[in-house]
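The UniProt record's numbering puts the first residue of the sequence shown at 1, with every later residue one more than the last. Report on one structure; see the data block that follows.
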Amino acid sequence: MLVAGEHVLFHRARGFGRDTHGASPPTVLRHSLVKRKFFRLKLQRERTFAPVRTLYNLNLRQSGKMSEKIVLYYFDGRGKMESIRWLLAAAGVQFEEVLLTKREQYVKLLNDQALMFEQVPLVEMDGLQLVQSKAIMNYIAEKYKLSGKDLKERAMIDMYTEGLNDLMEMRMILPFKKPDEKQAHIGVIQGKATSRYFPVYEKALNNSQYLVGNQFSRADVHLMEATLMLEELFPTILSTFPNLKAFQGKMRSLPTISKFLQPGSQRKPQPDDVYVKTVMEVLNIQIP
């Protein structure tokens with residue numbers, strides 16, 4: 001660092017102070033030496049702080065301040081993407097969607113090698129092309145602190161989540177069933193929901209407002225999604241599960257979930273015949 005006298009001499013040598021024209025040779029030489037010393041110090045300082053600036057920019061990127069947008073590739077319907085939408089929305093994360101409506105869009109993703117196993121859903125985030133719904137949700141939950149505080153809590157969250165995935169998958173495939181098979185399948189959904197799955201979550205909520213660790217996690221998000229989905233089919237299904245009904249009320253009060261439940265959000269409606277037809281055409285498959 002320049003001391004005060006050297007700083008003054010340098011500015012005078014640059015012409016900011018007293019005019020040095022006509023100064024004696026020793027004075028000019030002294031000014032020249034100070035100037036060279038100043039620039040050596042300046043170069044040394046630049047070399048010292050360059051790694052610090054690089055690290056600062058890296059930290060900005062890692063903290064999300066320089067992160068890329070999140071893009072979801074799927075059909076204009078629920079399917080395996082809906083739980084991912086729920087998870088992002090619950091975390092308060094904005095995302096964009098590319099809705100697959102034509103076979104050509106899907107073929108382009110294949111040709112671009114964007115689909116590791118030639119399947120959607122596909123989520124682009126943090127410079128990654130994420131496929132396989134469980135892997136995607138695990139990544140999102142870890143990133144946004146929805147996966148518990150330790151290994152034991154994570155295991156419980158995973159168990160609760162996997163049970164809900166099994167239940168929701170039964171509902172997910174209902175629109176693709178043959179007409180003469182649908183009613184029987186609806187009965188299976190209702191029976192397993194009320195005898196196998198809902199009792200587990202009802203018990204878990206006996207003394208806690210959340211499923212695991214007295215804090216909000218991905219398991220709570222998926223439970224909210226599943227109970228609402230089942231109520232669409234069976235409006236009174238929670239009548240014998242008071243804890244689940246109270247849980248719904250608590251979840252609705254969370255700002256991010258309340259926003260996602262409002263009309264006009266990115267939450268998708270119940271699947272209909274148009275959705276089924278689009279999926280089959282894009283994937284180029286036929287219902288047997």
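Think of the CB as a built atom: it goes at the ideal place given N, C-alpha and C, for glycine as much as any other residue.
In the DSSP output, which residue or residues are listed as bridge partners for residue i?
{"i": "residue 131", "result": "122"}
How would you label residue i, buried or exposed, when you count the other beta carbons within 10 angstroms and need 16 or more for buried?
{"i": "residue 112", "result": "exposed"}
{"i": "residue 141", "result": "buried"}
{"i": "residue 155", "result": "exposed"}
{"i": "residue 146", "result": "buried"}
{"i": "residue 94", "result": "exposed"}
{"i": "residue 224", "result": "buried"}
{"i": "residue 271", "result": "buried"}
{"i": "residue 280", "result": "exposed"}
{"i": "residue 166", "result": "exposed"}
{"i": "residue 157", "result": "buried"}
{"i": "residue 193", "result": "buried"}
{"i": "residue 212", "result": "buried"}
{"i": "residue 127", "result": "exposed"}
{"i": "residue 217", "result": "buried"}
{"i": "residue 221", "result": "buried"}
{"i": "residue 109", "result": "buried"}
{"i": "residue 87", "result": "buried"}
Hey, does residue i have any beta-carbon neighbour from chain D nearer than 8 Å?
{"i": "residue 131", "result": "Absent here is chain D; the protein component of the structure consists of one chain."}
Could you pull out every residue in the same chain whose Cβ sits closer than 7 Å to the Cβ of residue i, ignoring the five residues on either side in sequence?
{"i": "residue 46", "result": "Bear in mind that a pLDDT of 48 at residue 46, under 50, signals an unreliable position, so the model cannot answer this."}
{"i": "residue 116", "result": "131"}
{"i": "residue 79", "result": "172"}
{"i": "residue 227", "result": "238, 244 and 248"}
{"i": "residue 219", "result": "157, 160, 161, 211 and 212"}
{"i": "residue 229", "result": "168 and 171"}
{"i": "residue 284", "result": "103"}
{"i": "residue 276", "result": "175 and 176"}
{"i": "residue 7", "result": "Caution applies to residue 7, whose pLDDT of 38 falls short of 50 and renders its modelled position unreliable; the value that the coordinates give is listed next. Here the set comprises nothing."}
{"i": "residue 81", "result": "72, 74 and 121"}
{"i": "residue 197", "result": "163 and 167"}
{"i": "residue 234", "result": "190"}
{"i": "residue 56", "result": "Low local confidence applies: a pLDDT of 37 at residue 56 is under 50, so the model's placement there is unreliable, with the coordinate-based value given in what follows. Correct list: empty, nothing qualifies."}
Given residue i, which residues of its chain have a CB within under 6 Å of its CB, disregarding the five upstream and five downstream residues?
{"i": "residue 91", "result": "144"}
{"i": "residue 129", "result": "114"}
{"i": "residue 260", "result": "89 and 267"}
{"i": "residue 97", "result": "72"}
{"i": "residue 199", "result": "none"}
{"i": "residue 77", "result": "268, 271 and 275"}
{"i": "residue 282", "result": "100, 103 and 106"}
{"i": "residue 125", "result": "70"}
Please work out which residues of its chain come closer than 8 Å, Cβ to Cβ, to residue i, disregarding the five sequence neighbours upstream and downstream, and give them in chain order.
{"i": "residue 84", "result": "72, 121, 123, 133, 136, 137 and 140"}
{"i": "residue 177", "result": "185"}
{"i": "residue 258", "result": "252"}
{"i": "residue 256", "result": "89, 90, 91 and 92"}
{"i": "residue 99", "result": "74, 75 and 76"}
If you scan the stretch 54-125 from start to end, which runs of the beta strand (DSSP E) of 3 or more residues do you find wholly inside it?
71-74, 96-99 and 122-125
Contact between the stretch 250-266 and the stretch 183-191: three or more CB pairs below 8 Å?
no
Pairing CB atoms from the stretch 257-273 with CB atoms from the stretch 201-210, are three or more of them under 8 Å?
no
Which residue spans inside the UniProt domain "GST C-terminal" (150-271) form an unbroken alpha helix (DSSP H) run of at least 4?
151-172, 179-192, 198-204, 218-233, 242-252 and 255-260
Indicate whether the contact test is met: 3 or more Cβ pairs, each with one atom in the stretch 120-130 and one in the stretch 164-180, closer than 8 Å.
no
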